[in-house]
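So the protein sequences, as listed, match chains W and Y.
Each step along the first sequence adds one to the number in the numbering used here, with nothing skipped, and position 70 is 70.
Quick note, the numbering used here runs 300 ahead of the 1-based positions in the second sequence.
Where a beta carbon is used, it is the ideal one built from N, C-alpha and C, also for glycine.
2 protein chains.
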Amino acid sequence: MDIRHLKCFVVVAEELHFGRAAARLHIAQPAVSQTVIGLERELGLALFERTNRRVELTDAGRALLGEARSVLDRVDGTLALAERLRLGTAGRVNVAVTPALPPTLLTELLAVFRAAAPDVKVVAKSVGDIPDPLTGLGGRFDLAILRGQIQAPGIASVVVVTEPVGVAVPASHRLASSESVSARSLGGEPLAAFPRGAAPAEFDRIFAVLAAAGLDDVGEIHESPPGAVDASLRLVAAGEALSLKLRSEVDAFGSSGVVWLPFADVDLSVVVSAAWRFDVTSPATRRLVDALSSWLNQRT
Amino acid sequence: MDIRHLKCFVVVAEELHFGRAAARLHIAQPAVSQTVIGLERELGLALFERTNRRVELTDAGRALLGEARSVLDRVDGTLALAERLRLGTAGRVNVAVTPALPPTLLTELLAVFRAAAPDVKVVAKSVGDIPDPLTGLGGRFDLAILRGQIQAPGIASVVVVTEPVGVAVPASHRLASSESVSARSLGGEPLAAFPRGAAPAEFDRIFAVLAAAGLDDVGEIHESPPGAVDASLRLVAAGEALSLKLRSEVDAFGSSGVVWLPFADVDLSVVVSAAWRFDVTSPATRRLVDALSSWLNQRT
DNA sequence: TTGATTGAGAACCGCTGCTTATGATCAACG
DNA sequence: CGTTGATCATAAGCAGCGGTTCTCAATCAA
Numbered sequence: 001m002d003i004r005h006l007k008c009f010v011v012v013a014e015e016l017h018f019g020r021a022a023a024r025l026h027i028a029q030p031a032v033s034q035t036v037i038g039l040e041r042e043l044g045l046a047l048f049e050r051t052n053r054r055v056e057l058t059d060a061g062r063a064l065l066g067e068a069r070s071v072l073d074r075v076d077g078t079l080a081l082a083e084r085l086r087l088g089t090a091g092r093v094n095v096a097v098t099p100a101l102p103p104t105l106l107t108e109l110l111a112v113f114r115a116a117a118p119d120v121k122v123v124a125k126s127v128g129d130i131p132d133p134l135t136g137l138g139g140r141f142d143l144a145i146l147r148g149q150i151q152a153p154g155i156a157s158v159v160v161v162t163e164p165v166g167v168a169v170p171a172s173h174r175l176a177s178s179e180s181v182s183a184r185s186l187g188g189e190p191l192a193a194f195p196r197g198a199a200p201a202e203f204d205r206i207f208a209v210l211a212a213a214g215l216d217d218v219g220e221i222h223e224s225p226p227g228a229v230d231a232s233l234r235l236v237a238a239g240e241a242l243s244l245k246l247r248s249e250v251d252a253f254g255s256s257g258v259v260w261l262p263f264a265d266v267d268l269s270v271v272v273s274a275a276w277r278f279d280v281t282s283p284a285t286r287r288l289v290d291a292l293s294s295w296l297n298q299r300t
Numbered sequence: 301m302d303i304r305h306l307k308c309f310v311v312v313a314e315e316l317h318f319g320r321a322a323a324r325l326h327i328a329q330p331a332v333s334q335t336v337i338g339l340e341r342e343l344g345l346a347l348f349e350r351t352n353r354r355v356e357l358t359d360a361g362r363a364l365l366g367e368a369r370s371v372l373d374r375v376d377g378t379l380a381l382a383e384r385l386r387l388g389t390a391g392r393v394n395v396a397v398t399p400a401l402p403p404t405l406l407t408e409l410l411a412v413f414r415a416a417a418p419d420v421k422v423v424a425k426s427v428g429d430i431p432d433p434l435t436g437l438g439g440r441f442d443l444a445i446l447r448g449q450i451q452a453p454g455i456a457s458v459v460v461v462t463e464p465v466g467v468a469v470p471a472s473h474r475l476a477s478s479e480s481v482s483a484r485s486l487g488g489e490p491l492a493a494f495p496r497g498a499a500p501a502e503f504d505r506i507f508a509v510l511a512a513a514g515l516d517d518v519g520e521i522h523e524s525p526p527g528a529v530d531a532s533l534r535l536v537a538a539g540e541a542l543s544l545k546l547r548s549e550v551d552a553f554g555s556s557g558v559v560w561l562p563f564a565d566v567d568l569s570v571v572v573s574a575a576w577r578f579d580v581t582s583p584a585t586r587r588l589v590d591a592l593s594s595w596l597n598q599r600t
């Protein structure tokens, strides 16, 4: 049995006329006869009762018509799904996400993706601070949202947002009333930060910049798990430490015992970018990237 | 796209190995490659990611696998239904039924049919007293349950039950205490009966037999619609008339003001038979007929 | 490097499914 | 009652497709 057989059967059943059925199928009438006869032979059942003047469904034909239609419906469904997969309006995109992004960014991005392609299943997976998740993890990811920018052959990327790092200060602290702080003024203050081992390059870059701006005596460092922004900020709120943070991270922190101050003399910006393999991208990924870039343009 | 394509796709997806898939499909390996490639071309999607050492489903392949399986399931369902239709364990049988059968007979027969073939839809339709519903109504019926026996070429029949006609008498009537009645003793009594026009041959046969046995002055006749046994019996219960009835009809009549008496001198038996076209019978009809005859044999 | 494994490509061939032409049958109609 | 038209089935021919076998290319293990 074949889809061709079923299609032929269904159309003849609808027309009850071999000639018209043939016209609808864009084939000649004898082909229709042959196909129906072939199906009847294979099933061992008469599907139609033909007089030379009228064609009628047999009871068996009536019973099988529904089944045949459901097969064809499923086939159409399959083709439709293939179409959507091809166009990128359906599918699955695996997104690698680094922790410690601006707190609302991921949900914003997911909303953008959902709006652009509701039937695309976006699976965001938090990865450690891997230099290049796209190629590094056996290519299991289609898209990556990272801090910094990837420099690798075949990898395209776009900056999603860039936000300056400042200092989270307890409301009771002597610096809390300032407009901004200098690097040097952090001297001797206890700091809450992620452990150096979690992202040595980032860690060293930050303190190199601060040192260059005059911070020579770094105070004690309270380590919190990477990505655990709240843990650091609770220490700050308790007056136990200062912490390098994004303004949005402080804003998102519920309790109000913390003040965010920009640096006056150094620029510690966090750049968040999206990256994907430029050569091999699934249609769904391509569509998400397009949605992302048009969202960025529109937001200027 | 073709069922062959889908089957091939599903098997390869299950085996993740073209050679083994070919073995399961009982074809050579290149045919499997060609078929899968053909499907991928048609859909415009890569379904598998092949290294020479490993075969994996792509995301698109994973998404389509379920669809493909559901198509194949429906196809299997269709073939299974065809099989059952061929064997007669599924289908539809149109049964022509004459009114005025013994009251419980039809439900008994339907129960027998249901037990023999639960998935066969038995549609009983009451027809007037047509001499031969099998051929007379454009052959729309597969089976007929009738009074009397059909004598027609190509029609097979079997007697289902035969039951004597007696007289339903009001409990207060002078005859009510008799063991039986003679034809002559009905002389002058008002009778409740179906109108002669409903079945002239039957009507005339009955009264000819009664006349031959000595009934020469038939009383007034109250007509009830054919098949309206209760209407006649209510007249009897009210003492307004006698009525020719089957014992089972009187037994089935709820109220108890009616007595059934057999005839002492005439034999007015109702024969109920099932009839079907001997040459063209659908498998389901054949199965029901078989069930009926084995039920009759077993009931001896 | 060598051998084994595995998927893809090439060449061939028979079956199948489409075509056109024709036949058979029945209803409608003059 | 023969004729005509409509309709489905059959016949014969041809092209394409799906299968085969043989072979190659790439990769991994030894």
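Residue from the options with nearest C-alpha to residue i
i, options, result
"Glu223 (chain W)", "W:Gly214, W:Gly197 and W:Ala212", "W:Gly197"
"Ala117 (chain W)", "W:Thr89, W:Asn52 and W:Ser177", "W:Thr89"
"Ser180 (chain W)", "W:Gly166, W:Ala171, W:Pro170 and W:Leu191", "W:Gly166"
"Lys405 (chain Y)", "Y:Leu546, Y:His473 and Y:Arg577", "According to the sequence displayed, residue 405 (chain Y) carries Leu and not Lys. Cα-wise, what sits closest to Leu405 (chain Y) is Y:Leu546."
"Pro330 (chain Y)", "Y:Arg324, Y:Leu339, Y:Gly319 and Y:Glu340", "Y:Gly319"
"Ser248 (chain W)", "W:Ala238, W:Val236, W:Gly257 and W:Val229", "W:Val229"
"Val460 (chain Y)", "Y:Arg599, Y:Asn352, Y:Asp516 and Y:Arg304", "Y:Arg599"
"Ala241 (chain W)", "W:Phe48, W:Ala213, W:His17 and W:Ala176", "W:Ala176"
"Ser256 (chain W)", "W:Ala171, W:Pro99 and W:Gln151", "W:Ala171"
"Pro103 (chain W)", "W:Leu288, W:Leu25, W:Gly188 and W:Phe253", "W:Phe253"
"Arg586 (chain Y)", "Y:Val395, Y:Ala360 and Y:Gly488", "Y:Val395"
"Asp267 (chain W)", "W:Arg205, W:Leu296 and W:Leu235", "W:Arg205"
"Ala152 (chain W)", "W:Asp279, W:Gly219, W:Glu83 and W:Val71", "W:Asp279"
"Leu401 (chain Y)", "Y:Gly448, Y:Asp442, Y:Val393 and Y:Leu379", "Y:Gly448"
"Ala538 (chain Y)", "Y:His473, Y:Thr335 and Y:Arg324", "Y:His473"
"Ile3 (chain W)", "W:Arg74, W:Pro283, W:His26 and W:Ser273", "W:Arg74"
"Trp260 (chain W)", "W:Leu233, W:Ser273, W:Ser282 and W:Thr281", "W:Leu233"
"Ile607 (chain Y)", "Y:Leu535, Y:Ala513, Y:Asp359 and Y:Ala512", "Nothing can be reported for residue 607 (chain Y): it is not among the residues displayed for chain Y, which extend from 301 to 600."
"Pro562 (chain Y)", "Y:Ile337, Y:Val469 and Y:Ala512", "Y:Val469"
"Gly488 (chain Y)", "Y:Thr358, Y:Ala513, Y:Ala501 and Y:Asp517", "Y:Asp517"
"Leu57 (chain W)", "W:Val12, W:Thr107, W:Arg24 and W:Val120", "W:Val12"
"Arg414 (chain Y)", "Y:Leu596, Y:Ser593 and Y:Leu588", "Y:Leu588"
"Asp565 (chain Y)", "Y:Glu383, Y:Ala380, Y:Ala511 and Y:Leu381", "Y:Ala511"
Per DSSP, cross-strand counterpart(s) of residue i
i, result
"His222 (chain W)", "W:Ala192"
"Ala575 (chain Y)", "Y:Ala444 and Y:Ser457"
"Leu306 (chain Y)", "According to DSSP, which records beta bridges pairwise, Leu306 (chain Y) is partnered with nothing at all."
"Phe48 (chain W)", "W:Leu57"
"Val481 (chain Y)", "Y:Phe563"
For residue j and residue i, believed in contact at Cβ under 8 Å, the rounded distance
i, j, result
"Leu410 (chain Y)", "Val422 (chain Y)", "6 Å"
"Gly377 (chain Y)", "Glu42 (chain W)", "The Cβ separation is near 16 Å, so there is no contact."
"Ser269 (chain W)", "Pro164 (chain W)", "5 Å"
"Arg86 (chain W)", "Leu364 (chain Y)", "Rounded, the Cβ-Cβ distance is 11 Å, inconsistent with contact."
"Val97 (chain W)", "Ala124 (chain W)", "5 Å"
"Ala183 (chain W)", "Leu143 (chain W)", "Wrong, their Cβ atoms sit about 35 Å apart, outside the cutoff."
"Pro190 (chain W)", "Gly219 (chain W)", "5 Å"
"Val36 (chain W)", "Leu47 (chain W)", "7 Å"
Residue i, DSSP secondary structure in three states
i, result
"Glu56 (chain W)", "strand"
"Pro470 (chain Y)", "strand"
"Val93 (chain W)", "strand"
"Val229 (chain W)", "helix"
"Leu261 (chain W)", "strand"
"Ser569 (chain Y)", "strand"
"Leu39 (chain W)", "helix"
"Leu592 (chain Y)", "helix"
"Thr601 (chain Y)", "The question about residue 601 (chain Y) has no answer, for chain Y in this structure spans 301 to 600."
"Ala476 (chain Y)", "coil"
"Thr585 (chain Y)", "helix"
"Ile27 (chain W)", "coil"
"Gln598 (chain Y)", "helix"
"Gly187 (chain W)", "coil"
"Asp73 (chain W)", "helix"
"Asp344 (chain W)", "With chain W running from 1 to 300 in the structure shown, residue 344 (chain W) is simply not present."
"Ala199 (chain W)", "coil"
Quiz item: At which residue ranges does the stretch 401-464 of chain Y contain complete alpha helix (DSSP H) runs of 4 or more residues, listed in the order of the chain?
Solution: 405-416 and 433-436
Quiz item: What residue ranges within the stretch 232-259 of chain W form continuous alpha helix (DSSP H) runs of no fewer than 4 residues, ordered along the chain?
Solution: 247-252
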